[in-house]
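Positions -26 to -1, 1 to 347 (mature numbering (1 follows the signal peptide of the UniProt record, and there is no 0)) are the ones given, in order, by the sequence shown.
The structure appears below as structure tokens.
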Amino acid sequence: MRHALASGGPLLGLALLLATAAPGLAAELSLTTLIAGDEDLLQVVPRPDGGLGVLRQAGVGRLAPNGAWLAAETAEPGQTLHLGDDGDLVGVVTHRAGAADFAPTARFELRDARGRLLWSLGETEDVGYSISVRGAVVGKSLNINAPERNALHFYGRGGTLAAEAVVPHLLGGRFSADGGLYFAQSASTGLIAFDAGGAELWRRDGVRLFDATPDGRLTVAVHGERLELLDSGRPVARADLTGLLVRRVAIAPDGARIAVAGREELRVYDGNLRPLWRDSLRDQGLAFTSVDLAAGDGWLLAGLARDLGPRVAVEERHPDGVVRAYDARGALRHEARLAFDAWNIFTPTAILDDTGKTLTITTRRAVYRTTLP
């Protein structure tokens, strides 16, 4: 499991990075294909047993650690499915008047991995749901005609409404990895942290991107042109990001390292936002699409897609890419090259498990797995 590292110290205004990624002869990773098809993958979630939960438009499927398909659930017309953060729990939403997506809920059912009903709700104004590893549920009420009335509903055991929080211009939200906190993002009020019962703990205006340690105590946030490290919502360190349009941000499970990726530049910091190393893709025709970090001095994984430029048709602009594994000093040690038959802004995404050794790679329509040394 992931744990946070205590952090403190003075606020740091850091603009310069001290080292560039060390050159290395990258070994090609051997990948096992778990999924390959013509249907878009909406969500891929690691399961506690080492398998995966997979959400597609048509339904939810589960893979065993060896890649064998297990139980599956299919969405009926007028329904959408929401996959829990444990890769097993599923929220089944029947929308009013047979509509889908942003239509309010006629009925919500929480089901386990075997499809058994755990509890249900009648009509609500919620249009989407988050489900934690602990089985807690947060409903999101998103009114496109009156976004100032957007709200979160925190449901307790058995579906009892524990709390409601009005979050004007709510964009979305997610639980911390351990399910103890819920982070909501708003276009007007930034990042807001709640406990699992719906009590507001802290907020930080102007946050555009963020990531958190599994217990949610340490949060790294992109705030304007600076990177901030928050300890229970309190800023404890800062780094200057002037000139870098950040696409992805990540913090290691123990809080020991932090990474931000722009289109063509990757910057890596220690747990107090002191710069460690960077890598630049300038003139390589590649762009960063994901970044993930193992605890301690483990691996850093980055996804990159080749970009042929705006003159190429959208469906042909990103034909392939690569996932790179860097060691703690920034040396490139391993690569996995991939061809895409379809692309989105998260293709490819590299996901490390809690051991920091098992690597899952997702593209728009495929999933691969390998083990790092």
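Glycine residues also receive a C-beta, built at the ideal position from the N, C-alpha and C atoms.
Quiz item: Name the DSSP bridge partner or partners of Gln53?
Solution: Thr68
Quiz item: Over what stretch of residues does the beta strand (DSSP E) that includes Ser162 continue unbroken?
Solution: Unbroken run through Ser162: none, as it is neither H nor E.
Quiz item: Is it true that the stretch 84 to 100 meets the stretch 56 to 68, where meeting means three or more beta-carbon pairs spaced less than 8 Å apart?
Solution: yes
Self-check item: Same chain, Cβ closer than 8 Å to Leu91, neighbours up to 5 away in sequence not counted
Solution: Glu83, Leu84 and Arg85
Quiz item: Between the C-alpha atoms of His292 and Gly35, what's the straight-line distance to the nearest angstrom?
Solution: 28 Å
Quiz prompt | Expected contact under 8 Å - CB spacing of Gly147 and Lys114 to nearest Å | solution = At roughly 7 Å, the Cβ-Cβ gap stays under 8 Å, so Gly147 and Lys114 are in contact.
Practice problem: Alpha carbon to alpha carbon, how far is His69 from Ala32? Give it in angstroms, no decimals. | Solution: 15 Å
Self-check item: Euclidean distance between Cα positions of Ala(-23) and Trp176
Solution: Because Ala(-23) carries a pLDDT of 31, less than 50, the predicted location of this residue cannot be relied on, and the following value inherits that uncertainty. If you take the alpha carbons of Ala(-23) and Trp176, they lie about 18 Å apart.
Quiz item: Assuming Val242 contacts Gly304 under a Cβ cut-off of 8 Å, what Cβ separation, rounded to an integer in Å, is found between them?
Solution: 7 Å
Quiz prompt | Reduced DSSP secondary structure (H/G/I, E/B, other) of Pro78 | solution = Under the three-state reduction of DSSP, Pro78 is assigned to coil, being neither helix nor strand.
Exercise. Would you kindly work out how many angstroms separate the C-alpha atoms of Ala(-12) and Leu250, rounded to a whole number?
Key: Reliability fails at Ala(-12), whose pLDDT of 34 lies under 50, so the model's placement of it is uncertain and the value that follows must be treated cautiously. Cα-Cα distance, rounded: 12 Å.
Quiz item: From this set, Ala151, Ala158, Leu(-2) and Leu26, which residue's C-alpha is nearest His127's C-alpha?
Solution: Ala158
Quiz prompt | Paired residues, beta bridge with Ala186 - DSSP | solution = Thr193
Practice problem: Measure from the alpha carbon of Phe168 to the alpha carbon of each residue in Phe262, Ala226 and Gly154, then state which is nearest. | Solution: Out of Phe262, Ala226 and Gly154, Gly154 has the C-alpha closest to the C-alpha of Phe168.
Quiz prompt | Residue-chain proximity (Pro39, chain C), Cβ-Cβ < 8 Å | solution = Among the chains in the structure shown there is no chain C, since it carries only a single protein chain.
Quiz item: Taking the alpha carbon of Glu239 as the point to measure from, which residue in Arg248, Ser106 and Asp257 has its own alpha carbon closest?
Solution: Asp257
Self-check item: Nearest-angstrom Cα separation, counted from Ala279 out to Ile319
Solution: 9 Å
Quiz item: Just checking my contact of Ala261 with Leu267 at CB under 8 Å: how many whole Å lie between their CB atoms?
Solution: With a Cβ gap of about 19 Å, Ala261 and Leu267 do not count as contacting.
Quiz item: Can you give the Cα-Cα distance for Ala125 and Asn117, rounded to whole angstroms?
Solution: 9 Å
Exercise. Look up Val141 in the DSSP assignment and say whether it is helix, strand or coil.
Key: DSSP places Val141 in coil when its eight states are reduced to three.
Quiz item: Is Ala213 near Leu247, with beta carbons less than 8 Å apart?
Solution: yes
Quiz item: Can you name the start and end residues of the beta strand (DSSP E) that Leu319 belongs to?
Solution: It is worth fixing the name first, because residue 319 is Ile in this sequence and not Leu. Premise fails: Ile319 is in no beta strand (DSSP E) and is neither H nor E.
Quiz prompt | Of the residues Thr334, Asp315 and Ala316, the one placed nearest Thr323, counting alpha carbons only | solution = When each option's Cα is compared against that of Thr323, the closest is Thr334.
Quiz item: For Asp185, which residues of its own chain have a beta-carbon under 7 Å away from its beta-carbon, when the five flanking residues on both sides are left out?
Solution: Val194, Val223, Ala224 and Ile225.
Quiz item: Where DSSP assigns a beta bridge to Trp93, which residues make up the other side?
Solution: Leu84
Self-check item: Terminal residues of the beta strand (DSSP E) in which Thr7 lies
Solution: Thr6 to Ala10 is the extent of the beta strand (DSSP E) around Thr7.
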